[in-house]
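Engineer:
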Amino acid sequence: MSELLQTPLHDLHVSLGAKMVPFAGYAMPVQYGLGVMKEHLHTRAKAGLFDVSHMGQVKVAGEDAAAALETLIPVDIAGLAKDRQRYGFFTDQNGGILDDLMLANRGDHIFVVVNAACKAADIAHMKTHLEPDVSVTPITGRALLALQGPSAEAVLTALNPAAKDMSFMDVATLDLNGSDCWVSRSGYTGEDGYEISVPAEDAVELAEALLAHEDVEPIGLGARDSLRLEGGLCLYGHDITTETTPVEAALTWAIQKVRRQGGDRTGGFPGADEILSQITDGVSRKRVGLVPAGRAPMREGVVLFADEESTAPIGTITSGGFGPTVGGPVAMGYVSVDHATIGTTLYGELRGKRLPLQVAKMPFTPANFKR
Amino acid sequence: MKFTEEHEWLRPEGDVIVVGITEHATTQLGDIVFVELPEVGTTVSKDDEIVVIESVKAASDILAPLDGEIIEVNEALGDNPALPNEDATGEGWFFKMKASDPSQMDSYMDEAAYKALID
Chain F
1 MSELLQTPLH DLHVSLGAKM VPFAGYAMPV QYGLGVMKEH LHTRAKAGLF DVSHMGQVKV
61 AGEDAAAALE TLIPVDIAGL AKDRQRYGFF TDQNGGILDD LMLANRGDHI FVVVNAACKA
121 ADIAHMKTHL EPDVSVTPIT GRALLALQGP SAEAVLTALN PAAKDMSFMD VATLDLNGSD
181 CWVSRSGYTG EDGYEISVPA EDAVELAEAL LAHEDVEPIG LGARDSLRLE GGLCLYGHDI
241 TTETTPVEAA LTWAIQKVRR QGGDRTGGFP GADEILSQIT DGVSRKRVGL VPAGRAPMRE
301 GVVLFADEES TAPIGTITSG GFGPTVGGPV AMGYVSVDHA TIGTTLYGEL RGKRLPLQVA
361 KMPFTPANFK R
Chain A
1 MKFTEEHEWL RPEGDVIVVG ITEHATTQLG DIVFVELPEV GTTVSKDDEI VVIESVKAAS
61 DILAPLDGEI IEVNEALGDN PALPNEDATG EGWFFKMKAS DPSQMDSYMD EAAYKALID
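The listed protein sequences correspond, in order, to chains F and A. Per full-length UniProt numbering, the very first residue in the first sequence carries number 1; after that it's consecutive. Per full-length UniProt numbering, the very first residue in the second sequence carries number 1; after that it's consecutive.
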């Protein structure tokens, strides 16, 4: 793994007994001693600490930074209140998704967090289209931690009481363990929690301070994946790609009315014609939740059919596996809209057999956000 | 008891051979959440993929270690697929088979050789 990048927490992961694997060019912990199942359940019961330092942190600054970003992202950024965060995505000319991301209004800049595998492309994309009117500055000297689960509030409040006053999607600069941290009340597990950008040189000490709480365990990428799957949250490169539009991906909720047809700042982003007409006219396929009837997990790539005999597929699974909290298999995928109604029985072809599964509401486990 | 390079163990019990996977294998796989077993009475050839194991991470196949017939499968794995995680060489067995050529067993490792392989 010598050519892999390491996060500031690398040695801590190794000392905690993590199994390290290559992920998006980094050596990352896939699991620790508890294993994926127990790590997942612990996060939902108490709190888990995740190292997400491989993700890209970017400052976009300048008088018109919000307006500039709106030329690349179909989201209301100019209307985002100071110290509030929102989910979004870069789109391409065809309406496909280049990456999904988080945007926070920090007053004098917009703070953007993007996926590790896409960060070089995302930064180049922003620099090409936005500079020199606004500045695009990758933040390389900071780690990113996620503290997730019902105990997260109590754990972080012990380090700074102001953590308690934050609502879901609030952002703030907080002193944690003597270090200036950029904190958001958010995450990607379906649980309440925080994401914490911390100077790299303070990251290990902060992680150790959080892990010192009896409710906190370190959690690897394996459980991060099963948690976000149960949460009905998309994984870029799998559930959303340049081949899927936000409307097909059931992410229309993230495109505020002001950017849609008839809105004050309608369109003006790549693929706007396609995306806005899809919002009005509908799409032929969409992303849905799927619950296999049996115990066998159905994973990415499983082809879906309307019945046991038909030869024409009506969809494909894009993420799937065992949901530890659900206690059984769960999946998501794209199906033609005539088969997308909740409760519809479909069949997935698994090892030559057609096995039933049902279109289901997401998330598969109730979200525990502090609104 | 004999061991394969695929991390299966084979334990002769009379004229029957009990097959499972090693503790090393279950540790590598992680928590097992589903096991698909062959049907009793199936005739298998060595290296046929006859069991599918799904862990929280991925699906993997177990190969028939010998030519022969499946004469019993561990039905308890239906209710508790994690049995191999808990007791790999005991309660967590997968199937019992009758070998058509028991001498095929000779090519497999003894415990010392297997331990050397995984160390």
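We put the beta carbon where it would ideally sit given N, CA and C, even for glycine. Just so we're clear, the structure is a prediction, and the values are computed from it rather than from any experiment.
Output the distance between the C-alpha atoms of A207(F) and V19(A), rounded to the nearest integer angstrom.
Structural biologist: As a position in the first sequence, residue 207(F) is number 207, starting the count at 1. As a position in the second sequence, residue 19(A) is number 19, starting the count at 1. One C-alpha to the other measures close to 44 Å.
Engineer: In the structure shown, what three-state DSSP assignment does A116(F) receive?
Structural biologist: Position 116 of the first sequence holds residue 116(F). DSSP places A116(F) in helix when its eight states are reduced to three.
Engineer: Report the rounded CA-to-CA distance for L69(F) versus E23(A), giving the unit in angstroms.
Structural biologist: Mapped onto the first sequence, residue 69(F) falls at position 69. Mapped onto the second sequence, residue 23(A) falls at position 23. Each residue's alpha carbon lies about 53 Å from the other.
Engineer: Quick check on E69(A) - is its C-beta less than 8 Å from some C-beta in chain F?
Structural biologist: Translated into the one-based positions of the second sequence, residue 69(A) becomes position 69. So, not an interface residue.
Engineer: Between N94(F), G301(F), L346(F) and L227(F), which has its C-alpha nearest E309(F)'s C-alpha?
Structural biologist: Along the first sequence, read from residue 1 onward, the residue named residue 309(F) stands at position 309. Among N94(F), G301(F), L346(F) and L227(F), the Cα nearest to that of E309(F) belongs to L346(F).
Engineer: How would you list, in chain order, the residues of chain A whose beta-carbon sits under 9 Å from the beta-carbon of G17(F)?
Structural biologist: Here residue 17(F) corresponds to residue number 17 of the first sequence, with the count starting at 1. Correct list: empty, because the minimum Cβ distance to chain A is about 13 Å.
Engineer: Count the C-beta pairs between the segment 91-111 of chain F and the segment 55-75 of chain F that are closer than 8 Å, then say yes if the count reaches three, no if not.
Structural biologist: Segments in contact, yes.
Engineer: Establish whether the CB of S226(F) and some CB of chain A are separated by less than 8 Å.
Structural biologist: On the first sequence, position 226 is the one that residue 226(F) refers to. With 8 Å as the cut-off, S226(F) counts as an interface residue toward chain A.
Engineer: According to DSSP, is N105(F) part of a helix, a strand, or is it coil?
Structural biologist: Position 105 of the first sequence, counted from the start, is the residue given in the question as residue 105(F). It is a strand residue.
Engineer: Please give the ranges of any beta strand (DSSP E) in the segment 129-192 of chain F, keeping only runs that are unbroken, at least 3 residues long and fully inside the region.
Structural biologist: List check, beta strand (DSSP E) in window: 135-138, 142-148, 171-176 and 179-184.
Engineer: Should T311(F) go down as buried or exposed, given a rule of 16 or more other Cβ atoms within 10 Å for buried?
Structural biologist: Against the first sequence, residue 311(F) aligns to sequence position 311. Classification for T311(F): exposed.
Engineer: Quick check: is the beta carbon of G30(A) nearer than 8 Å to any beta carbon in chain F?
Structural biologist: Position 30 of the second sequence, counted from the first residue, corresponds to residue 30(A). At least one chain F Cβ lies under 8 Å of G30(A).
Engineer: Please report the straight-line C-alpha distance between A18(F) and D51(F), rounded to a whole angstrom.
Structural biologist: Taking the first residue of the first sequence as position 1, residue 18(F) is located at position 18. Taking the first residue of the first sequence as position 1, residue 51(F) is located at position 51. Straight-line Cα distance between these residues: approximately 12 Å.
Engineer: When the Cα atoms are used, what is the spatial distance from E131(F) to P199(F)?
Structural biologist: Counting from one through the first sequence, the residue named residue 131(F) turns up at place 131. Counting from one through the first sequence, the residue named residue 199(F) turns up at place 199. Going by the C-alpha atoms only, they are around 26 Å apart.
Engineer: Tell me which residues share the same chain as D202(F) and place their Cβ nearer than 6 Å to its Cβ, disregarding the 5 neighbours each side in the sequence.
Structural biologist: By 1-based counting over the first sequence, the position of residue 202(F) is 202. S179, listed in sequence order.
Engineer: Which runs of the alpha helix (DSSP H) spanning at least 4 residues fall entirely within the segment 32-111 of chain F, listed in chain order?
Structural biologist: If we require 4 residues or more, the alpha helix (DSSP H) runs fully inside the segment 32-111 of chain F come out as 36-45 and 65-70.
Engineer: Apply the 10 Å Cβ neighbour rule to Q93(F) and answer buried if 16 or more other Cβ atoms are within range, or exposed otherwise.
Structural biologist: Looking up residue 93(F) in the first sequence gives position 93. Exposed is the call here.
Engineer: Answer yes or no: does any C-beta atom of chain A fall closer than 8 Å to that of V36(F)?
Structural biologist: In the first sequence, residue 36(F) corresponds to position 36, counting from 1. V36(F) counts as touching chain A.
Engineer: Excluding the 5 residues flanking L159(F) on each side, which residues of the same chain have their C-beta closer than 7 Å to its C-beta?
Structural biologist: If you number the first sequence from 1, residue 159(F) lands on position 159. Correct list, in chain order: L176, N177 and A209.
Engineer: Assuming K361(F) is part of the beta strand (DSSP E), what are its boundary residues?
Structural biologist: For the purposes of this step, residue 361(F) is taken as the residue at position 361 of the first sequence. Unbroken run through K361(F): none, as it is neither H nor E.
Engineer: Output, in chain order, the set of chain F residues within a Cβ distance shorter than 7 Å of A76(A).
Structural biologist: Residue 76(A) sits at position 76 when you count from the first residue of the second sequence. Near A76(A) there are no residues of chain F at all, since even the closest Cβ is about 14 Å away, more than 7 Å.
Engineer: Could one say the Cβ of G178(F) lies closer than 8 Å to chain A's Cβ atoms, at least one of them?
Structural biologist: The residue labelled residue 178(F) in the question sits at position 178 within the first sequence. Not one chain A Cβ lies under 8 Å of G178(F).
Engineer: Alpha carbon to alpha carbon, what distance is there between A82(A) and A88(A)?
Structural biologist: To locate residue 88(A), count along the second sequence from 1; it is residue 88. To locate residue 82(A), count along the second sequence from 1; it is residue 82. Going by the C-alpha atoms only, they are around 9 Å apart.
Engineer: Return the residue from the list T91(F), V291(F), A67(F) and V171(F) that minimises the CA-CA distance to E243(F).
Structural biologist: As a working note, residue 243(F) is residue 243 in the first sequence. Among T91(F), V291(F), A67(F) and V171(F), the Cα nearest to that of E243(F) belongs to T91(F).
Engineer: I need the DSSP call for residue 383(F), collapsed to helix, strand or coil.
Structural biologist: Examination of residue 383(F) is not possible in this model, given that chain F is present from 1 through 371 alone.
Engineer: Using a cut-off of 7 Å between C-beta atoms, extract the partners of P356(F) located in chain A.
Structural biologist: On the first sequence, position 356 is the one that residue 356(F) refers to. What P356(F) touches in chain A: nothing, since even the nearest Cβ is about 15 Å away.
Engineer: Taking only runs that begin and end inside the segment 197-222 of chain F, name each unbroken alpha helix (DSSP H) of 4 or more residues, in chain order.
Structural biologist: Qualifying alpha helix (DSSP H) stretches, in chain order: 200-211.
Engineer: Label W182(F) either buried or exposed according to how many other C-beta atoms from any shown protein chain fall within 10 Å of its C-beta, with 16 as the threshold for buried.
Structural biologist: Within the first sequence, numbered from 1, the residue matching residue 182(F) stands at position 182. It is buried - the Cβ of W182(F) has at least 16 other Cβ atoms within 10 Å.
Engineer: How would you label K353(F), buried or exposed, when you count the other beta carbons within 10 angstroms and need 16 or more for buried?
Structural biologist: Looking up residue 353(F) in the first sequence gives position 353. Classification of K353(F): exposed, given that the 10 Å Cβ count is below 16.
Engineer: Can you tell me the Cα-Cα spacing of T252(F) and M105(A), whole angstroms?
Structural biologist: Mapped onto the first sequence, residue 252(F) falls at position 252. Mapped onto the second sequence, residue 105(A) falls at position 105. In a straight line, the C-alpha of T252(F) is about 60 Å away from that of M105(A).
Engineer: Could you name the residues of chain A that G222(F) contacts, counting a contact when the two beta carbons are closer than 7 Å?
Structural biologist: Taking the first residue of the first sequence as position 1, residue 222(F) is located at position 222. Those are V56 and K57, listed as they occur along chain A.
Engineer: Reducing DSSP to helix, strand and coil, say where D338(F) ends up.
Structural biologist: Numbered from its first residue, the first sequence carries residue 338(F) at position 338. Residue state, collapsed to three classes: helix.
Engineer: Run the proximity test for S226(F): is its beta-carbon closer than 7 Å to any non-hydrogen atom belonging to the ligand MN?
Structural biologist: Here there are no bound small molecules, and the ligand MN is not part of this structure.
Engineer: Are L9(F) and V216(F) touching if we call contact CB-CB under 8 Å?
Structural biologist: In the first sequence, residue 9(F) corresponds to position 9, counting from 1. In the first sequence, residue 216(F) corresponds to position 216, counting from 1. Cβ atoms of L9(F) and V216(F): not closer than 8 Å.
Engineer: Using the C-alpha atoms, what's the distance from G187(F) back to R228(F)?
Structural biologist: Taking the first sequence and counting its residues from 1, the one referred to as residue 228(F) is at position 228. Taking the first sequence and counting its residues from 1, the one referred to as residue 187(F) is at position 187. Each residue's alpha carbon lies about 9 Å from the other.
Engineer: Return helix, strand or coil for D264(F), following the three-state DSSP convention.
Structural biologist: As a working note, residue 264(F) is residue 264 in the first sequence. Residue state, collapsed to three classes: coil.
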